[in-house]
Every structure is written in C-alpha cells, then in structure tokens.
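A.B. asks:
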Amino acid sequence: INEAMNILIDNEKKRVEDLESKKKTIVSLWETLPEFHSEKTVLPENRFQSLQGRNSILVKIEQMTKTATKSIHVLGTEANFIKFYHTDFVDYLKNTKSELEIV
C-alpha cells in the first residue's frame, strides 16, 4: 500500500508541475483572445456552484471562507460531510467571519 500511495502522490505532483509549467503559456494565450464586451458586466452577488471532488471542494471552501463578506450557505448530505471528517473543512467553516448556514 505504501508503494501504491507513493505512486499516486508522485502522479499528482507531476500533474501539478505540468500545469505550473504551462501557466505562462495559458495566460498569454488567454490575453490574446479578443474582448466581446466593451463594458464590464457585473456579476450578481449571489452565485450557486456545484463542485465535485474533495480537493475542489476544499479549495473552494477555503477561498470562500477567507473572502466572503456576508454569508456562506453549504448544502450537502450527512454522507457528503462525513467524507471531510479528516480534512480542514470544519476549521475553514469555524474560522469564517461571515454568517454560516449548513443545510
């Protein structure tokens, strides 16, 4: 199991390194795209997002708890929340300065 875990960890590290090495190229390509709107559109304050994968969810929760100014609403089943038992999920929620509602 130890060797299998090392292989999985190395694969993820390689994937992140590949993404980091391509960052400048991707950003420069993005900046070459023409803008279609002359005025910046204002996004509505309320946004609904559906996320999949523990890492994606943890990163988003961390970002939201640090930047939210009014409230955070978290929706999930008991089974969903159990998956985050051994993570920093609860700490992120506890440390937010915004109003928190878990549904």
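For what it's worth, the numbering used here labels the leading residue of the sequence shown as 18, then goes sequentially. Backbone N, C-alpha and C define an ideal beta-carbon position, used for all residues, glycine too. Please read all numbers here as calculations on a predicted model, not as lab measurements.
(1) Any contact of the stretch 80-87 with the stretch 41-55, i.e. 3+ C-beta pairs under 8 angstroms?
(2) Restricting to Cα atoms, I'd like to know which of Ile43, Leu92 and Thr49 is closest to Ser67.
(3) Determine the extent of the beta strand (DSSP E) in which Val120 is found, giving its start and end residues.
(4) In whole angstroms, what is the alpha-carbon distance linking Glu34 and Asn97?
(5) Between Phe106 and the rest of its own chain, which residues show a CB-CB distance below 7 angstroms, the 5 nearest in sequence each way excluded?
(6) Buried or exposed: Tyr109, going by 16 or more other Cβ atoms within 10 Å of its Cβ?
(7) Nearest by alpha-carbon distance to Thr113: which of Ile89, Thr104, Glu95 and Tyr102 is it?
C.D. replies: In short, the structure shows the following:
(1) No, the stretch 80-87 is not in contact with the stretch 41-55.
(2) Shortest Cα-Cα distance from Ser67 to any of Ile43, Leu92 and Thr49 involves Leu92.
(3) It is not in any beta strand (DSSP E) - Val120 carries neither H nor E in the DSSP assignment.
(4) Computed Cα separation, rounded: 30 angstroms.
(5) Leu75 and Ile78, listed in sequence order.
(6) Around the C-beta of Tyr109, 16 or more other C-beta atoms lie within 10 Å, and the residue is accordingly described as buried.
(7) Nearest of Ile89, Thr104, Glu95 and Tyr102 to Thr113, Cα basis: Ile89.
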